[in-house]
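Peer 1: The structure is given below, and queries will be raised subsequently.
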Amino acid sequence: MLKTRILPVPDPDSLGRFRAPTSTSSTASALDHWDVDESAPGLDALVTAADHIRNTNVPVGFPTETVYGLGADATRSDAVRGIFTVKGRPLDNPLIVHVCDLDMLRELCDTDLPAIYRPLIERFWPGPLTILLPVPETAKYTLAPEVTAGLSTFGARLPASPLTRTLIRLADAPLAGPSANASTRPSPTTAQHVVDDLDGRIEVVLDGGACGVGVESTVVDGLCDPPVILRPGGISLAELRTASGWERVERAYHDVAQGGNAQHDSKVPQAEDVLKPRAPGMKYKHYSPKARVVLYEGGKTRAVSQEALIKDVRDAGRQAAIVGVVRTSSWPALAPNHEESLATSNGTMPSTSFVGKSEGVIYRLETYNLPSGPKILELDLGRELPSIAHGLFYALRDLDARGADVILIEGIADDSDDMASAVMNRLRKAASEVR
């Protein structure tokens, strides 16, 4: 068993900067080259992590603006296989490749970047957007075949986190970087979440604080017509449609655990046909806590009365000692109104109110016991979509850590063109039951 260390990085924003373009070429960009500040505080921790990436096959944990990633040299098969081993990840689930600048991305391609992506790069990079590119036949960097899981394309992202870009530059290699959690578990948004899942399996976790977005990147495919979203995330459908050439972008994902919008491989005989996910998160059950999750679809939550919710909580409590309740928009509060809302319980019960502010995630948690019933953990993520997205994975992990056996989650309406689709996509993949 390895000894896992958390290495703090005190000032991630000071680690480097993009070099001003020196060329007047039409392809020159302010994102062409990332320079590292050799005098930046906390750089020693990144040098240690980069050394592990270059010289071992054990991946490292690192923060991005979306979630914490598990990074390995995307050009070395032994190193990439280390990611699958550590996570327990299925080998047919492709990995996203992270680059520090456009110069590195060009060295991953044997042709110019497809013109369809230029408006997205100018508008949304660096940031939570992954683009699908053809796997090159000849390039400076040759991706390990495990990265693409046998597909003819790979996903590439230029992260907004200066820490991530600096780590990549110091490692001098693109990073294969899925979320740094055990496979199927909620994605980690803090360094401690990484340790909770992977303690003893990896050696280094860089701590750059809590992630700001809270859900993974949006994955898009511009190599087809019309272009499509393969995975919802930090960039919305409405935002994508404002970019030239992306006005007709469509959704091409399903909120299911198996099958998804997988790619048919014509090279495989029909009798042995398998569904290959074109992007991470499309196929397998994912984002799940240890507790059983019951998701109430967003369009139906307004019909759930306080009385009905209490009945569902009691029903769940017949087989669970601790029941978690996650409120997001319209569900009535239970804990603040014990005497009124739980009058049928023949009395009130002691309650503990806790307003959490941990690692940048703010939420309200009420803990109380129903008379002759289960212990209730009632967690309120607020009413604003950014706070819900930011706190989603944290809430699931928090309730797990507090021993919840079952979690009832209020979904949100996801028929609008915003991050709501990403939130509900993750919740449906985490759910054991959808109502």
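Mapping of the sequence shown onto our numbering: position 339 corresponds to residue 339, and the numbering continues sequentially without gaps.
Glycine residues also receive a C-beta, built at the ideal position from the N, C-alpha and C atoms.
1. What residue from 123, 90, 138 and 88 has the CA that sits closest to residue 112's CA?
2. Mind the definition here: the stretch 69-76 touches the stretch 167-175 only if three or more C-beta pairs lie below 8 angstroms; say whether that holds.
3. Looking at C-beta atoms only, is the number of pairs between the stretch 160-168 and the stretch 43-58 that lie closer than 8 angstroms three or more?
4. Using 10 angstroms around the beta-carbon of residue 20, count the other beta-carbons present and answer buried if the total reaches 16, otherwise exposed.
5. Under the three-state reduction of DSSP, which class applies to residue 412: helix, strand or coil?
6. Using three-state DSSP, classify residue 400 as helix, strand or coil.
7. Going by C-alpha distance, which of 295, 413 and 429 is nearest residue 435?
8. Which same chain residues, not among the five before or five after residue 1, have their C-beta less than 7 angstroms away from its C-beta?
9. Short of 6 angstroms in beta carbon distance, which residues of its chain neighbour residue 327, apart from the five on each side in sequence? Order them along the chain.
10. So, is residue 369 buried or exposed, given that buried needs 16 or more other C-beta atoms within 10 angstroms?
11. For the beta strand (DSSP E) containing residue 132, list its first residue and its last residue.
12. Three-state secondary structure (DSSP) at residue 315?
13. Where residue 290 and residue 405 are concerned, what is the direct C-alpha to C-alpha distance, given to the nearest angstrom?
14. For residue 375, does the count of other Cβ atoms within 10 angstroms reach 16, so buried, or fall short, so exposed?
15. Are the stretch 120-137 and the stretch 221-236 in contact at 8 angstroms, needing three or more beta carbon pairs?
16. Identify which residue in 92, 16 and 30 has its Cα closest to the Cα of residue 38.
17. Mind reading off the beta-carbon distance from residue 156 to residue 108? Whole number of angstroms is fine, and I expect it under 8 angstroms.
18. Alpha carbons only, please: which of 241, 82, 321 and 313 is nearest the one belonging to residue 57?
19. Under 8 angstroms between the Cβ atoms of residue 149 and residue 94?
20. Classify residue 169 as buried or exposed, calling it buried when 16 or more other Cβ atoms lie within 10 Å of its own Cβ.
21. So, for residue 182: in the same chain, excluding its five sequence neighbours on each side, which residues have a beta-carbon less than 8 angstroms away from its beta-carbon?
22. State the DSSP-derived secondary structure class of residue 8, mapped to helix, strand or coil.
23. For residue 321, count the other beta carbons within 10 Å of its own beta carbon; 16 or more makes it buried, fewer makes it exposed. Which is it?
24. What's the gap between the Cα of residue 377 and the Cα of residue 324?
25. Could you check the C-alpha separation between residue 384 and residue 247 for me, to the nearest Å?
26. For residue 110, does the three-state DSSP call read helix, strand or coil?
27. Can you name the start and end residues of the alpha helix (DSSP H) that residue 376 belongs to?
28. Name the DSSP beta bridge partners of residue 17, please?
29. Using alpha carbons as the reference points, say which of 24, 36, 42 and 33 lies closest to residue 8.
30. Give the single residue among 128, 316, 158 and 59 whose Cα lies nearest to the Cα of residue 79.
31. Compute the Euclidean distance between the alpha carbons of residue 206 and residue 70, then round it to the nearest angstrom.
32. Going by C-alpha distance, which of 67, 386, 331 and 145 is nearest residue 185?
33. Please state the DSSP three-state secondary structure of residue 168.
34. Identify the continuous alpha helix (DSSP H) that holds residue 48 and give its terminal residues.
35. What do you reckon, are the CB atoms on residue 422 and residue 232 nearer than 8 angstroms?
36. The beta strand (DSSP E) with residue 64 in it runs from where to where?
Peer 2: Let me lay it out:
1. The option with the nearest alpha carbon to residue 112 is 138.
2. Flag = yes, the stretch 69-76 and the stretch 167-175 touch.
3. Yes: the two stretches touch, three or more of their Cβ pairs being nearer than 8 angstroms.
4. Residue 20 should be labelled exposed.
5. Looking at residue 412 - three-state DSSP - the assignment turns out to be coil, as it is neither helix nor strand.
6. Note: residue 400 maps to helix in three-state DSSP.
7. Selected option, being the one with the closest Cα: 295.
8. So the qualifying residues of the chain are 200.
9. Cβ within range, chain order: 380 and 410.
10. Around the beta-carbon of residue 369, fewer than 16 other beta-carbon atoms lie within 10 Å, marking it exposed.
11. Per DSSP, the continuous beta strand (DSSP E) segment holding residue 132 begins and ends at 129-134.
12. Residue 315 sits in a helix when the DSSP states are folded into three classes.
13. Take the alpha-carbon of residue 290 and the one of residue 405: they are about 8 angstroms apart.
14. Buried: at least 16 other Cβ atoms inside 10 Å.
15. The stretch 120-137, when compared against the stretch 221-236, does touch it at the 8 angstroms Cβ threshold.
16. Checked all of 92, 16 and 30; the closest Cα to residue 38 is 16.
17. About 7 angstroms separates the CB atoms of residue 156 and residue 108; that is less than 8 angstroms, so the two are in contact.
18. Residue 82 is the option with its Cα nearest to residue 57.
19. Yes, they are a contact pair.
20. So residue 169 ends up on the buried side.
21. The answer, listed in chain order, is 87, 88, 197 and 198.
22. In this structure, residue 8 counts as strand in the three-state DSSP scheme.
23. Per the 10 Å Cβ criterion, exposed.
24. If I take the Cα positions, the gap works out to 5 angstroms.
25. Rounded to whole angstroms, residue 384 to residue 247 spans 27 angstroms at the Cα level.
26. In the three-state reduction of the DSSP assignment, residue 110 falls in the coil class.
27. It is not in any alpha helix (DSSP H) - residue 376 instead sits in the beta strand (DSSP E) that spans 375-380.
28. In DSSP, residue 17 forms a bridge with 35.
29. Nearest option by C-alpha distance: 42.
30. Answer by Cα proximity: 59.
31. Within the model, the alpha-carbon separation for residue 206 versus residue 70 is close to 10 angstroms.
32. Considering only alpha carbons, the answer is 67.
33. Shown here, residue 168 sits in a helix according to DSSP, grouped into three states.
34. For residue 48, the enclosing alpha helix (DSSP H) begins and ends at 43-55.
35. It is a contact, given that the beta carbons lie within the stated cut-off.
36. From DSSP, residue 64 is part of no beta strand (DSSP E); its letter is neither H nor E.
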